[in-house]
Amino acid sequence: MDLILLLKAVILGVVEGLTEFLPISSTGHLILAGDLLDFNDERGKAFEVIIQFGAILAVCWEFREKLVKVVLSLNSSPSSRRFMLNLIIASIPAMGLGFIFGKHIKAVLFSSIPVASAFIVGALIIFWAERRQEKNSNTNTHIHSVDDLSYLDALKVGIAQCAALIPGTSRSGATIIGGMLFGLPRTVATEFSFFLAIPVIGGATAYELLKLWKNPVAISGEFTLAIVIGFIAAFISAFICVRWLIHYVAHHNFTPFAWYRIVFGLLVLITAYSGVIAWSH
79 MDLILLLKAV
89 ILGVVEGLTE
99 FLPISSTGHL
109 ILAGDLLDFN
119 DERGKAFEVI
129 IQFGAILAVC
139 WEFREKLVKV
149 VLSLNSSPSS
159 RRFMLNLIIA
169 SIPAMGLGFI
179 FGKHIKAVLF
189 SSIPVASAFI
199 VGALIIFWAE
209 RRQEKNSNTN
219 THIHSVDDLS
229 YLDALKVGIA
239 QCAALIPGTS
249 RSGATIIGGM
259 LFGLPRTVAT
269 EFSFFLAIPV
279 IGGATAYELL
289 KLWKNPVAIS
299 GEFTLAIVIG
309 FIAAFISAFI
319 CVRWLIHYVA
329 HHNFTPFAWY
339 RIVFGLLVLI
349 TAYSGVIAWS
359 H
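If you read the sequence shown in the working numbering, its first letter stands for residue 79, the second for the next number, and so on.
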């Protein structure tokens, strides 16, 4: 048994779970962590996508009552149908662009320098969004929950999510901050981001599983065990993070995450150009 591989799986699972729903880019952190752990080959990239589903299950469990209610009342509740359609509408732009340009983006941008740069640019956008939200605190006061979102609101968030195709941007950051820039309250934008992760990341996970299924050589017993361990680690850490974030956004803004992005991005750039760490390029 390769204990080093299993330890890497635990570390990457925890990194995924803690960063998936925060506006700091789970993909960016996984790329950098994969570099440090020497787990950034094709199997490592597939592993990173698959364990994301563990984080999605954490959201499903946290909001299980809402999700069950929506599914059971689709035929009788206009609100449930609108909620489901909103998720579909918001998922289409990023999933479509990802299908068309995904391979090119991975080939060009999945390395340390683009990720670090995206960290810093994303931080500046967060500062802008938070300042704009403070100045327009009364905008869209009729929106108090995800059930109040219109189809146009969902489309706007879906378009904003397309920015997350750039690693280091953050899917949750793009949807939350994008929603805020379009006038949604911080708490509503955050909750909708949770739900939107289900179809988007679920679809990406299914696609990676299909590729692995067609390439059984890559699925060894130890690698399968590593996926299971990483999956569990991602679920547990994501569940803790989601619970914490729900309470956090009710009373705080995302400015601390912007500062974190700047410090982390600069640290990666400095270590890369100084040769202290041989990040991938």
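C-beta atoms are modelled at their ideal positions from N, C-alpha and C, and glycine is treated no differently. None of these values were measured; they are calculated from a predicted model.
Under the three-state reduction of DSSP, residue 253 is assigned to helix. For residue 206, the enclosing alpha helix (DSSP H) has its first and last residue at 190-213. Just measuring C-alpha positions, the residue of 117, 306 and 105 sitting nearest residue 82 is 117. Under the three-state reduction of DSSP output, residue 353 falls in the coil class, being neither helix nor strand. Secondary structure at residue 225: helix, using DSSP grouped into helix, strand and coil. Boundaries cannot be given for residue 80, as no alpha helix (DSSP H) includes it and DSSP labels it neither H nor E. A direct Cα-to-Cα measurement between residue 258 and residue 80 gives close to 45 Å. Residue 134 sits close to residue 275, with the two beta carbons spaced by under 7 Å. Excluding its 5 nearest sequence neighbours in each direction, residue 240 has C-beta neighbours in its own chain below 7 Å: 171, 172 and 175, listed in chain order.
Within 10 angstroms of the beta-carbon of residue 209 lie fewer than 16 other beta-carbons, which makes it exposed. Only residues of its own chain outside the window of five on either side were considered, and among them 145 and 276 have a CB closer than 7 Å to the CB of residue 138, listed in chain order. Cβ neighbours of residue 236 within its own chain (closer than 7 Å, five residues either side excluded): 167, 168, 169, 170, 171 and 172. The C-beta distance from residue 101 to residue 250 rounds to 6 Å, short enough to meet the 8 Å contact threshold. Here residue 337 is exposed: its Cβ has fewer than 16 other Cβ atoms, across all protein chains shown, within 10 Å. In the assembly as shown, residue 292 is an exposed residue. Its beta-carbon has fewer than 16 other beta-carbons within 10 Å. Check the Cα spacing between residue 288 and each of 128, 89, 88 and 122: the tightest is with 128. Rounded to the nearest whole angstrom, the C-alpha separation of residue 304 and residue 87 is 5 Å.
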